[in-house]
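Residue numbers (the numbering used here), protein chains in the order written: chain R, 1 to 342; chain L, 1001 to 1342.
Yeah, the Cβ is synthetic: ideal placement off N, Cα and C, and Gly gets one too.
Remember, predicted model here, so these are calculated numbers, not experimental data.
Right, one structure below, let's go through it.
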DNA sequence: CCTTTTTGATAAAACGTTTTATCATGTTTG
DNA sequence: CAAACATGATAAAACGTTTTATCAAAAAGG
């Protein structure tokens, strides 16, 4: 059992009140002697205030909730690292909830965090679907603490957001392929209900449309933001299209696709160009270094954490939407289209 | 403000006691009517018990602390995922503490977790140094809840441990290089005070000794388990040794080393063979797929979580040491030594 | 009809803090 | 010397639960 205020009070023959006052450095009248005595005994007994009790009375837990789809995904773990770093330097701890891209877990997660009295929630909205957003929005509005969404901005939710300009990211990626002369460009998307997916899809469509290229639905393949999803989608692309370029909605799926292509002895970028999204650490170190859209995960996390801290410290401060602009990192996986092949 | 038991009591004209009893499904005498009424109103008001209060009285928070050096490191994020999955299915949440390999943060972290009343602590001991272990061991023993160390077993700590047989892992890695005819084998270690480092060093030494090879200190280069540390170490290796093979103590540093070698136009494995440790997801997808020692991070995490749950459920259950056996995954980064080069 | 038992519900203490209001002392002051 | 004021400390309520012991009323038993 831990040492409590009462223990110190008993040992020093003082009241709990006095001990608490002194240890919290509250302005109060206490003699030099008793002050020293208390400080010394607390030190000796290695006293740490029980944060459950503190939280209960202060209605502040110095804890923030972090809801994330998949912590083993490099993008999210870097995001988490940025958040943790910022929170840590403000003496806040984070409760990590992994949703596995499951909307049910997300909903339960929010309730869990509420019941744990977190001071704020940082929510990667990846598994929110715009269709039943109104359902979530009631839930999220019922959270009395600041909520910061990362990855996307939902006006309905009426909360601050830190996001990447996904549409632009996708746009420049596809534009790059088009500039290289590609016209048959397949894409590997994320789950259709994810807004991140929808935004990137918009960018893809825009670039294609602008270039006067057709938009056959059968060039869009639904992945899951995981490696094996990318591998499977690439398999389908090979079977049912004559694409010369692939735009994968994230790097992890692009890697899966690379594996499939390699298995079929298809050369990247000679036969097929491929561009990813995220620029995770390893994308530059692949067999064929991956051309990709940069997304500064750590910085996004930091910024989200900062905004959360702001809103905790100054309740009612205005909500902000912070948008990071993407840029393309051109490596070796894309190349000008070979003279018409057939 | 959240809805409390008192709110429900007021609304139903019942006492807090009755409401609590019913909602917790405690065996007690309550009429069918009031039971239904309570259940219904709780549902309507969307009541969730305040976990701070519950934790305070039950002395159980359904929270476990996870202390990790670097969540953005693929090994640790997979470890975290395994732990979270197992904990989640038992309705426990995890508080994540990132130490940045800083022993000071680790110590503070343990105290933080204590004061937050976690039910158990899972501790990756990477930043513990065996030298001042006695210092930590007092601290850790002062934690009244189960502590599970991952990554290493310290008999002094007297707690359960889930570990990889690091010595054997290093041994088979180096043995592999020796079998390939290499004699000048450099290694890139982690921080010298880390026990993981020391164990792997032992394996390296053992393999070299068994083969009758010399052990020049200048063939050991101190890294930091991060990419840039590996890159720097490789730089030094090139300058000051004539090594034909490198054993890196983890994959991430091996990747850093690969970059350095590439920069110097040194071929892997033709000029230098390299073997890593961990087998993180991407190591098979590198420019030169990496030969490495497999370490099942997710499973190690799961097992650690299971043991923690056991010890929470049955205090005083015997401590266990669970050891995973490593195996070598041979890919393309290692090769028989070329005919004597000079 | 009085005692015992059952039924349905509650009061109160506890968990470990914080914080406000109050209370004895002793010390000035007019 | 009484009145006013400092000084050093404390009691008690509050935060939102859980849990034990208790209580009143109704039903059953003799």
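So, with DSSP's three-state summary, where would you put residue 164 of chain R?
Translated into the one-based positions of the first chain, residue 164 of chain R becomes position 164. The answer is strand: DSSP assigns residue 164 of chain R an E or B state.
At a CB distance below 7 Å, what residues from the stretch 102-120 of chain R approach chain L? Give them in sequence order.
111, 112, 114, 115, 116, 117
Can you give me the C-alpha to C-alpha distance between residue 1326 of chain L and residue 1180 of chain L, rounded to a whole angstrom?
Translated into the one-based positions of the second chain, residue 1326 of chain L becomes position 326. Translated into the one-based positions of the second chain, residue 1180 of chain L becomes position 180. Each residue's Cα considered, the two are about 20 Å apart.
Three-state secondary structure (DSSP) of residue 342 of chain R:
Numbered from 1 along the first chain, position 342 holds the residue referred to as residue 342 of chain R. Residue placement at residue 342 of chain R is flagged as unreliable, the pLDDT there being 46, under the threshold of 50; the coordinate-derived value follows with that caveat. Of the three classes helix, strand and coil, the one that applies to residue 342 of chain R here is coil, per DSSP.
Extent of the continuous beta strand (DSSP E) run through residue 1327 of chain L:
The residue you call residue 1327 of chain L lines up with position 327 of the second chain. Unbroken beta strand (DSSP E) run through residue 1327 of chain L: 1327-1329.
If we ignore side chains and look at the alpha-carbon of each, how far apart do residue 1286 of chain L and residue 1005 of chain L end up?
For the purposes of this step, residue 1286 of chain L is identified with residue 286 of the second chain, where counting begins at 1. For the purposes of this step, residue 1005 of chain L is identified with residue 5 of the second chain, where counting begins at 1. So the two alpha carbons sit approximately 57 Å from each other.
Local Cβ density within 10 Å of residue 168 of chain R, reported as buried at 16 or more and exposed below that
Counting from one through the first chain, the residue named residue 168 of chain R turns up at place 168. Answer is buried; the Cβ neighbour count reaches 16.
Short Cβ contact (8 Å threshold) for residue 305 of chain R with residue 194 of chain R
In the first chain, residue 305 of chain R corresponds to position 305, counting from 1. In the first chain, residue 194 of chain R corresponds to position 194, counting from 1. The answer is no: Cβ separation not under 8 Å.
Candidates L:1203, L:1110, L:1218, of which the one nearest residue 1211 of chain L by Cα:
Taking the first residue of the second chain as 1, we reach residue 1211 of chain L at position 211. Comparing Cα positions, the closest option is L:1203.
Alpha carbon of residue 35 of chain R to alpha carbon of residue 9 of chain R, nearest angstrom:
Counting from 1 along the first chain, the entry for residue 35 of chain R is found at position 35. Counting from 1 along the first chain, the entry for residue 9 of chain R is found at position 9. Cα to Cα, residue 35 of chain R sits roughly 12 Å from residue 9 of chain R.
Against chain L, with Cβ distances strictly below 8 Å, would residue 258 of chain R count as a contact?
By one-based count along the first chain, residue 258 of chain R stands at place 258. Closer than 8 Å to some Cβ of chain L, the Cβ of residue 258 of chain R qualifies, so yes.
Could you tell me the boundaries of the alpha helix (DSSP H) in which residue 80 of chain R lies?
What you label residue 80 of chain R is simply residue 80 of the first chain in a count that begins at 1. First-last of the alpha helix (DSSP H) with residue 80 of chain R: 74-88.
Have a look at R:235, R:243, R:227, R:232 and flag the residue whose alpha-carbon is nearest the alpha-carbon of residue 215 of chain R.
In the first chain, counting from the first residue as 1, residue 215 of chain R sits at position 215. Comparing Cα positions, the closest option is R:243.
In three-state terms, what does DSSP make of residue 1334 of chain L?
Working through the second chain from its first residue, we reach residue 1334 of chain L at position 334. In the structure shown, residue 1334 of chain L sits in coil (DSSP, three-state: anything other than H, G, I, E or B).
Expressed to the nearest angstrom, what Euclidean distance is found between the alpha-carbon atoms of residue 1024 of chain L and residue 205 of chain R?
The residue given as residue 1024 of chain L occupies position 24 in the second chain. The residue given as residue 205 of chain R occupies position 205 in the first chain. About 53 Å.
contact_flag[the stretch 271-281 of chain R, the stretch 244-251 of chain R] where n(CB pairs < 8 Å) is 3 or more
yes
Give me the Cα-Cα distance between residue 1120 of chain L and residue 1146 of chain L, rounded to the nearest whole angstrom.
Position 120 of the second chain, counted from the first residue, corresponds to residue 1120 of chain L. Position 146 of the second chain, counted from the first residue, corresponds to residue 1146 of chain L. Approximately 5 Å between the Cα atoms of the pair.
Tell me, please, whether the stretch 1254-1267 of chain L touches the stretch 1227-1239 of chain L by the rule of three or more beta-carbon pairs shorter than 8 Å.
yes
The alpha helix (DSSP H) enclosing residue 1020 of chain L, as first and last residue numbers:
Taking the second chain and counting its residues from 1, the one referred to as residue 1020 of chain L is at position 20. 1016-1023 is the span of the alpha helix (DSSP H), which, as asked, contains residue 1020 of chain L.
Return the first residue and the last residue of the beta strand (DSSP E) that residue 347 of chain R is part of.
Coverage of chain R is limited to positions 1 through 342, which leaves residue 347 of chain R absent and any answer about it impossible.
How is residue 1273 of chain L classed by DSSP in three states: helix, strand or coil?
Taking the second chain and counting its residues from 1, one reaches residue 1273 of chain L at position 273. Correct three-state label for residue 1273 of chain L: strand.
Beta-carbon of residue 282 of chain R versus every beta-carbon of chain L: anything under 8 Å?
The residue labelled residue 282 of chain R in the question sits at position 282 within the first chain. Answer yes: the Cβ-Cβ gap between residue 282 of chain R and chain L drops below 8 Å somewhere.
Is any beta-carbon of chain L found at less than 8 Å from that of residue 45 of chain R?
Working through the first chain from its first residue, we reach residue 45 of chain R at position 45. Not one chain L Cβ lies under 8 Å of residue 45 of chain R.
Proximity below 8 Å, CB of residue 98 of chain R to CB of residue 62 of chain R
The residue you call residue 98 of chain R lines up with position 98 of the first chain. The residue you call residue 62 of chain R lines up with position 62 of the first chain. In this structure, residue 62 of chain R does not lie closer than 8 Å to residue 98 of chain R by Cβ.
Quick check on residue 60 of chain R - is its C-beta less than 8 Å from some C-beta in chain L?
To locate residue 60 of chain R, count along the first chain from 1; it is residue 60. No, no contact with chain L.
Taking the C-alpha atoms as reference points, what is the distance between residue 277 of chain R and residue 294 of chain R?
If you number the first chain from 1, residue 277 of chain R lands on position 277. If you number the first chain from 1, residue 294 of chain R lands on position 294. Cα-Cα distance, rounded: 7 Å.
When Cβ atoms are compared, which residues of the stretch 47-58 of chain R fall closer than 9 Å to chain L?
48, 49, 50, 51, 52, 53, 54, 55, 56
Could you tell me which residues DSSP pairs with residue 278 of chain R in its beta bridges?
Here residue 278 of chain R refers to the residue found at position 278 when the first chain is read from its first residue. For residue 278 of chain R, which the question treats as bridged, DSSP gives the partners R:294.
Are the C-beta of residue 1158 of chain L and some C-beta of chain R separated by less than 8 Å?
Residue 1158 of chain L sits at position 158 when you count from the first residue of the second chain. For residue 1158 of chain L, the answer is no, since every Cβ of chain R falls outside 8 Å of its Cβ.
Tell whether a beta-carbon distance below 8 Å holds between residue 349 of chain R and residue 160 of chain R.
Lying before the first or after the last residue shown, residue 349 of chain R is absent from chain R, which here runs from 1 to 342.
Going by DSSP, what residue range makes up the beta strand (DSSP E) through residue 1248 of chain L?
What you label residue 1248 of chain L is simply residue 248 of the second chain in a count that begins at 1. Run containing residue 1248 of chain L: 1245-1248, per the beta strand (DSSP E) assignment.
Step through the CB atoms of chain R and report whether any lies within less than 8 Å of the CB of residue 1342 of chain L.
As a position in the second chain, residue 1342 of chain L is number 342, starting the count at 1. Per-residue confidence for residue 1342 of chain L stands at a pLDDT of 46, beneath the threshold of 50, marking its modelled position as unreliable; the derived number appears in the next sentence. No, no contact with chain R.
Rounding to the nearest angstrom, what Cα-Cα distance links residue 341 of chain R and residue 1279 of chain L in this structure?
In the first chain, the residue the question calls residue 341 of chain R occupies position 341. In the second chain, the residue the question calls residue 1279 of chain L occupies position 279. With a pLDDT of only 44 at residue 341 of chain R, under the threshold of 50, the placement of this residue in the model should not be trusted, and no figure is reported.
So which of R:171, R:60, R:220 has the shortest CA-CA distance to residue 189 of chain R?
The residue you call residue 189 of chain R lines up with position 189 of the first chain. The shortest C-alpha separation from residue 189 of chain R is found at R:220.
Got a sec: is the Cβ-Cβ distance from residue 287 of chain R to anything in chain L below 8 Å?
Within the first chain, residue 287 of chain R is the residue found at index 287, counting from 1. Answer yes: the Cβ-Cβ gap between residue 287 of chain R and chain L drops below 8 Å somewhere.
Could you work out which residues of chain R lie near residue 1080 of chain L, taking near to mean beta carbons separated by less than 7 Å?
Sequence index remark: in the second chain, residue 1080 of chain L carries index 80 (1-based). Those within 7 Å of residue 1080 of chain L in chain R are 71.
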